[in-house]
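All remarks here apply to the structure that follows.
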Amino acid sequence: MTNRVVILGGGTGGTLTANRLRRLYEPSDVTITVVDQDDRHVYQPGLLFVPFGLTHPEDIVRPRRRQLHRGIDFVESAIDHVDIEADNVHLVDGTTLPYDVLVVATGAVLVPEETEGLTGPGWMEKVFTFYTSEGATALEAAFAAFDGGRIVINVVDLPIKCPVAPLELCFLADWYFTERGMRDRVELTYVTPLDGAFTKPVASEHLRGMLAEKGVELVTEFNTGEVDGAGGRLVSYDGREVPFDLAVVVPLHGGAPYVARSPGLGDDLNFVPTDEHTLQAKAAPNIFVIGDAANVPASKAGSVTHFEGETVVENVRRFLEGEPLRAGFDGHANCFIETGFHKALLIDFNYDTEPLTGHYPNGFGLPLLKESGLNHLGKLMFQWFYWHSLLPGRDIPGIGSTMPTTGKHLSGKD
Ligand SMILES: Cc1cc2nc3c(=O)[nH]c(=O)nc-3n(C[C@H](O)[C@H](O)[C@H](O)COP(=O)(O)OP(=O)(O)OC[C@H]3O[C@@H](n4cnc5c(N)ncnc54)[C@H](O)[C@@H]3O)c2cc1C
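Here the sequence shown is numbered in the working numbering, starting from 213 and rising by one per residue.
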């Protein structure tokens, strides 16, 4: 009997899952169908570089179809809802896709309209986000025209995709305005709901120090209730205000809206409750979740999505073959943090171990939590790995899906 696997979302997680499954099974044994609402696969980490003119949206986008191996069906349509009782996906074009196994890989969406004033007067004129191609492009023009004044970089609330990306924007802005010879005329302020620069204590302390070194003011425990674009103010729920001439805001995130129309599948934010080690959905045994769509306590990051791929594919196979699932995912995340001036940090952590100093993936590897030119090159090269290794579902030599401990300083000191 031919089994039917339907994969919702043709981004990072959906594409690598489809390609890994195709390698495992012949089309006569398992049909694989990927559904996405459009055919534009954006390399999202590249959006960070757009505002600084270091890359352009057309250089970080490729057709989704072309990233899928032969023998995988691609359906271009928005998902309307999933009927988990009947094992059917309903598309907005009226098509019904029955499945034996469903993989949810529909990521996270931005919901800027949830914050008062954010998309009101000044939106895309002096209030921007770099989390979309349009926003990053508009911000590039605004930065180029900026003549000095106060820039705030604000995270409204967590979870967000790539929680270090707004910090990277601060560091690159410091570099960019220095290069333009006008850094002394630009005040940079990082405004976060957290009680420090980042969530994990050792990394948070390092990053706080770096913000201070680069002259970026840090405002913590600021829960943005309103963005007043016309008046140039962020206003917190407890009445504090941060003035700005230009704001870069990372809006609230949620899961894809169709999740709310799929009874039993999602939580209040439309993320999908998921076992954090097997990546099986809580809703039904034949549903697995990969990437930002899952509510697991890992970062919403492409690296996490990549490391989850091995467990998801293994457990889809085990499910189809009637074997017990493997609790294989340990929350492994790693991320290059661009710090400007051709340098970057690298952090590596999982559910149990916070980002520590040392080297990755072993004692002779890239320096962790330390600025280096090598890490910057790693960040730049990653786009090549993304298209040619990660999405096709190939293993990256020397990089395992579980977090390595060799090379790390468990005390957190250099
Ligand atoms: C600015 C920025 C910088 C980043 N930097 C990094 C970084 O340096 N390192 C890192 O590891 N990660 C980074 N990330 C995060 C990374 O891009 C994501 O975590 C990763 O792409 C998640 O993969 P995914 O498959 O879960 O979601 P996605 O790749 O976003 O794919 C989800 C897909 O689902 C589709 N979809 C959603 N709803 C529907 C629907 N109703 N119908 C049909 N299709 C639908 C979407 O069109 C999309 O293609 C960054 C993200 C941003 C925004």
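We treat Cβ as the ideally placed atom computed from N, Cα and C, and that holds for glycine.
Remark: fewer than three beta-carbon pairs, one from each stretch, lie closer than 8 angstroms, so the stretch 346-354 and the stretch 393-402 are not flagged as touching. The stretch 293-336 is shown to contain whole beta strand (DSSP E) runs of 3 or more residues at 300-303, 308-310, 313-316 and 320-322, in chain order. Here the stretch 520-527 makes contact with the stretch 603-613; the two share three or more CB pairs at distances below 8 angstroms. Within the DSSP secondary-structure output, Ala356 pairs in no beta bridge.
In terms of side-chain proximity, the C-beta atom of Val218 is found no nearer than 7 angstroms to any non-hydrogen atom of ligand 1.
For Asn546, the enclosing beta strand (DSSP E) has its first and last residue at Ala545 to Gly552. A Cβ-Cβ contact shorter than 8 angstroms links Val304 with Ala290.
In this structure, Gly503 has its beta carbon less than 7 angstroms from a heavy atom of ligand 1. A straight-line Cα-Cα distance of about 30 angstroms links Glu488 and Glu325. The straight-line gap separating the alpha-carbon atoms of Arg445 and Glu433 is approximately 16 angstroms. Note that the stretch 467-484 does not touch the stretch 358-370; fewer than 3 beta-carbon pairs, one per stretch, sit closer than 8 angstroms. Taking C-beta atoms as the reference points, Gly514 and Gly577 fail to come closer than 8 angstroms.
Within 7 angstroms of the C-beta of Phe342 there is at least one heavy atom belonging to ligand 1.
As the crow flies, the alpha-carbon of Ala506 is around 16 angstroms from that of Leu228. Here Arg395 carries a helix assignment [DSSP, helix/strand/coil]. In this structure, Val516 lies away from Ala493, with their beta-carbon atoms at least 8 angstroms apart. A direct Cα-Cα distance of roughly 12 angstroms separates Ala354 from Trp335.
CA-CA distance, Leu537 to Ser511, rounds to 23 angstroms. Short of 7 angstroms from the beta carbon of Ser601, and not among the five residues preceding or following it, lie these beta carbons of its own chain, in chain order: Ile608.
Listed as beta-bridge partners of Leu220 by DSSP are Val247 and Val316. Relative to ligand 1, even the nearest heavy atom lies 7 angstroms or more away from the CB of Ile363. Taking all protein chains shown into account, Ala356 has fewer than 16 neighbouring C-beta atoms within 10 Å of its C-beta and is therefore exposed. The stretch 268-288 makes contact with the stretch 244-254: 3 or more CB pairs, one atom from each, lie closer than 8 angstroms. Per DSSP, the beta-bridge partners of Thr486 are Ala493. Closest in C-alpha terms to Leu406, from the list Val367, His268 and Val414, comes Val367. The residue among Asn574, Lys412 and Lys591 with its C-alpha nearest the C-alpha of Asp564 is Lys412. Relative to ligand 1, Ile296 has its C-beta separated by 7 angstroms or more from all heavy atoms. At a cut-off of 7 angstroms, the beta-carbon of Ala350 does not count as near ligand 1: no heavy atom of the ligand is closer than that. By the Cβ criterion, the stretch 545-560 is not in contact with the stretch 460-480, since fewer than three pairs of Cβ atoms, one from each stretch, lie closer than 8 angstroms. The beta carbons of Val217 and Leu236 sit no closer together than 8 angstroms. Between the alpha carbons of Asp542 and Thr617 lies a gap of roughly 13 angstroms.
In this structure, Gly408 sits away from Glu328, with a CB-CB distance that is not shorter than 8 angstroms. Under a 10 Å Cβ-count criterion, Asn574 is classified as exposed, with fewer than 16 other Cβ atoms of the shown protein chains found around its own Cβ.
Ranked by Cα distance from Met422, the options Ala442, Thr404 and Leu557 are led by Leu557.
DSSP, read as helix, strand or coil, puts Val525 in helix.
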